[in-house]
Every structure is written in structure tokens, then in C-alpha cells.
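K.L.:
Counting in my numbering, the sequence shown runs without a single skipped number right up to 200 at its last residue.
All residues carry an ideal CB built from backbone N, CA and C; glycine is no exception.
The model shown is predicted, which means the values in this text are computed figures rather than measured ones.
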Amino acid sequence: MAMIFLGGSRDIYELPAPAIERIGSIVAAEHGVLIGDAPGADAEMQGLLAGYNYEHVGVFHAGAEPRNNLGDWAAYHIPPPDGVQGFAFHAEKDREMARRADFGLMIWDGVSPGTCLNVLRLALVASPCVVYDTMRGQVITVHNMADWRAMLHNAGPDIRREVEARMTADERLALEA
């Protein structure tokens, strides 16, 4: 069973039709799903999976309890490093899902640095990721660092700066390699 990391931007509350179809294919193939607990795309995808009564789902969360676990699935608490706040509070759970995933599917609003970083994390472990870029109306597959750089380049300099500001030292080193 392949493990698929599903994720996306917190500002997305409507999944693109092709993404809904792709998630239906994941369910039909009985792949495992790794998903976060955030509002927005994560919760929308959880709702879709719960509607299928799909069982092969693990919900990853940084807080004491998941913010969303719409199918009452197994929950995996990945505690954040001591003292972190904001985006960094949830980043370690995202890194863990990327480490465990064979593939990714991200629904990106074209500006969310967190979603962009999750695509990077998948590229770093050589796990292909299908990205639905809702801002540009594009679907791309990121296989490697060159693909990820092209995706980030299209996002513009402000988004690139935000993404770079949120990277760990290890993620920056991997970009230089």
C-alpha cells in the first residue's frame, strides 16, 4: 500500500474537481493517507475521505488533540520543539508526513509558504507530488528540486522570501546541493 501525503493551503475551502477525482482514485486503490489537522484544504479533504467512510487514514497533529479529525481516524501526535510558535508549531508534523510518504497531493493557493514547503519536503525525499495550483489554474507534478524551484519561481519574489524564511538549515543546505 502506497502512502500519500495529502495537504494544502488553509485558505482553500473548495477542492478543485480534478483533485476530488484524484482522491477518489486514491480511495479506490486503497492507498494509505497521511493528512494534517488544519482548517482549509486539510479539513476539506478529510470531509471527502469521511464521506467515503475511508479507513486507511492517519491524522497528524502538533497540539494535544487534532483540530480536525472528521473520520475519527488514528491520530499521530508529533510534538513541536520546545518554545516554537506560529507556523513552526506545526512544521515538524508536516516533516514527519513527508518522511513517511511515497507520494504527495497538495492543493496550493499559489501563495501559502507552508504548502510550498511541504512540496519541497517531498522532493527532498524523492517522493513525487501532484500540485493543484488554484491561483494559476495549473496542475503540475514535482519530482525533484528542479521542478520545485520552477514552481517557486512562478510564485514570485515575495512568496520565495516567505518560503526561504521558514526553511530549516537542513532544508536550505539541500537546496544548495
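Enumerate in chain order the residues of its own chain whose CB-to-CB distance from Leu140 is below 8 Å, with the five nearest sequence positions on each side excluded.
P.N.:
Excluding positions up to five away in sequence, the list reads Ala114, Asp117, Val186, Arg189, Met190 and Glu194.
K.L.:
Is Leu57 closer than 9 Å to Met26 when the C-beta atoms are compared?
P.N.:
It is a contact, given that the beta carbons lie within the stated cut-off.
K.L.:
Quick one: what does DSSP say Met24 is sitting in, helix, strand or coil?
P.N.:
Coil, per DSSP.
K.L.:
For Ile84, count neighbouring Cβ atoms within 10 angstroms of its own Cβ and tell me buried if that reaches 16, exposed if not.
P.N.:
Here residue 84 is His; the residue named in the question, Ile, does not match the sequence. So His84 counts as buried.
K.L.:
Excluding sequence positions up to five away, which residues of its chain have a Cβ less than 6 Å from the Cβ of Ala64?
P.N.:
The residues are Gly31, Ser32, Ile35 and Ile130.
K.L.:
Report yes if the C-beta distance between Ile49 and Leu145 is below 9 Å; otherwise report no.
P.N.:
No; because the gap between Cβ atoms is not below 9 Å, this pair is not in contact.
K.L.:
Alpha carbon to alpha carbon, how far is Pro151 from Asn167? Give it in angstroms, no decimals.
P.N.:
In a straight line, the C-alpha of Asn167 is about 7 Å away from that of Pro151.
K.L.:
To the nearest angstrom, report how far apart Val162 and Tyr155 are at their CA atoms.
P.N.:
Taking the straight line from one Cα to the other gives about 5 Å.
K.L.:
For Asp60 and Pro39, which I take to be in contact (beta-carbon distance under 8 Å), what is that distance rounded to the nearest angstrom?
P.N.:
With a Cβ gap of about 21 Å, Asp60 and Pro39 do not count as contacting.
K.L.:
Quick one: grab the DSSP three-state call for Trp131.
P.N.:
In the structure shown, Trp131 sits in a strand (DSSP, three-state: E or B).
K.L.:
How many Å lie between Met158 and Asp105 at the Cα?
P.N.:
Met158 and Asp105: Cα-Cα distance of roughly 35 Å.
K.L.:
With 16 as the cutoff for other CB atoms within 10 Å, does Pro136 come out buried or exposed?
P.N.:
When all chains shown are included, Pro136 counts as buried.
K.L.:
Comparing C-alpha positions only, which one of Glu199, Leu147, Val134 and Val148 sits nearest to Arg183?
P.N.:
With distances taken between Cα atoms, Arg183 lies closest to Val134.
K.L.:
Reducing DSSP to helix, strand and coil, say where Ala51 ends up.
P.N.:
DSSP places Ala51 in helix when its eight states are reduced to three.
K.L.:
Measure from the alpha carbon of Leu175 to the alpha carbon of each residue in Val107, Ala97 and Leu143, then state which is nearest.
P.N.:
The shortest C-alpha separation from Leu175 is found at Leu143.
K.L.:
Among Ala197, Gly179 and Asp95, which has the Cα closest to the Cα of Ala169?
P.N.:
Closest by alpha carbon: Ala197.
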